[in-house]
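Trainee:
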C-alpha cells in the first residue's frame, strides 16, 4: 500500500521556467512533509519541509504548498537551473516529524538548457 | 556536506552470507535511521535507533538487525542474504528521535549474487 505517491516518474522543464513536482498521500495521520533531492551515487539531500499547521513554506527558489483537504503537496522551483536536475522525493511523517519517514517513489527532473 | 558517513560504499555478497554496514552520525545527533532503497523505488524504513535503543521498526524480517554505539554510530546487520536484499542502504542521522532534520549519508550499494 503506497501511502505517499508521486505519480509523475519524470518531468522536463526549460531552464529559467517553473518546475512543479507533485505528491499525494493517503494517510491522514501524516502531519509533516519533506522534500529531498538525490543525485546519482549520493544520499538524499534535504531541501524543504512543511508542517500541517501551514499551507506554504518558502526557502529561496523553493516553495512547498500543502493542501490538507486534498492530501496533496507540491514543490515549486523558480527559476529552474541545470543543477536542479536530479530525482526528487517527497516524504511524510506523523507526530510532527517524530514518526518514521514514508517516501514516495520519486520524480526525475531534467532541466533543459 | 552533511557529516553522515557510511561504509563501505559498495559491497558484493553471496546469497546466504551475512553483511554488516556502518554509519557514523552527524555531530550532535543521537538518532540513526536505516532505509533500504530498491531500484526505482523510494527509501523504505527499516528501523531507528535512539540513544542506543531500537525506536521503531518497519516491515522487515528479524534477519535485519541493528546496533547503536555510545558515540551514536550505528551498524545494520543482515543475515542469510537473499537476492532481493540487493539495494542501496541509506542511513540518516537526526536529533532526539525526530525526523524533522534528518540528514542522509551517501549510502552503501549492496549486491547479492
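Chains as they are written, first to last, in this note's numbering: chain A, 14 to 126; chain B, 126 to 238.
Every residue gets a Cβ at the ideal spot worked out from N, C-alpha and C, and that includes glycine.
All values reported here derive from a predicted model rather than from experimental measurement.
#1: Based on Cα-Cα distance, which residue from B:209, B:210, B:182 and B:221 lies nearest to residue 197 of chain B?
#2: Using a Cβ-Cβ cutoff of 9 Å, what residues of the stretch 77-89 of chain A are near chain B? List them in chain order.
#3: Along chain C, in chain order, which residues have C-beta atoms closer than 9 Å to that of residue 114 of chain A?
#4: Rounding to the nearest angstrom, what Cα-Cα distance links residue 144 of chain B and residue 208 of chain B in this structure?
#5: By how many angstroms is the C-alpha of residue 188 of chain B removed from the C-alpha of residue 88 of chain A?
#6: Rounding to the nearest angstrom, what Cα-Cα distance links residue 31 of chain A and residue 238 of chain B in this structure?
#7: Enumerate in chain order the residues of its own chain whose CB-to-CB distance from residue 132 of chain B is below 6 Å, with the five nearest sequence positions on each side excluded.
#8: Residue 38 of chain A CB to nearest chain B CB: under 9 Å?
#9: Pull up the distance between the alpha-carbon of residue 23 of chain A and that of residue 195 of chain B, whole angstroms please.
#10: Given a threshold of 16 other Cβ atoms within 10 Å of its Cβ, counted over all protein chains shown, does residue 168 of chain B qualify as buried or as exposed?
#11: Please confirm whether residue 141 of chain B has its beta-carbon closer than 9 Å to some beta-carbon of chain A.
#12: Please identify the residue among B:183, B:223, B:166 and B:141 whose C-alpha is closest to the C-alpha of residue 21 of chain A.
Mentor: Reading off the structure:
#1: B:221
#2: Correct list: empty, as no residue qualifies.
#3: The chain labelled as chain C is not found among the protein chains of the depicted structure, namely A and B.
#4: 13 Å
#5: If I take the Cα positions, the gap works out to 37 Å.
#6: 43 Å
#7: 147
#8: no
#9: 42 Å
#10: The residue in question, residue 168 of chain B, is buried, as its Cβ has 16 or more Cβ neighbours within 10 Å.
#11: Chain A contact via Cβ: absent.
#12: B:166
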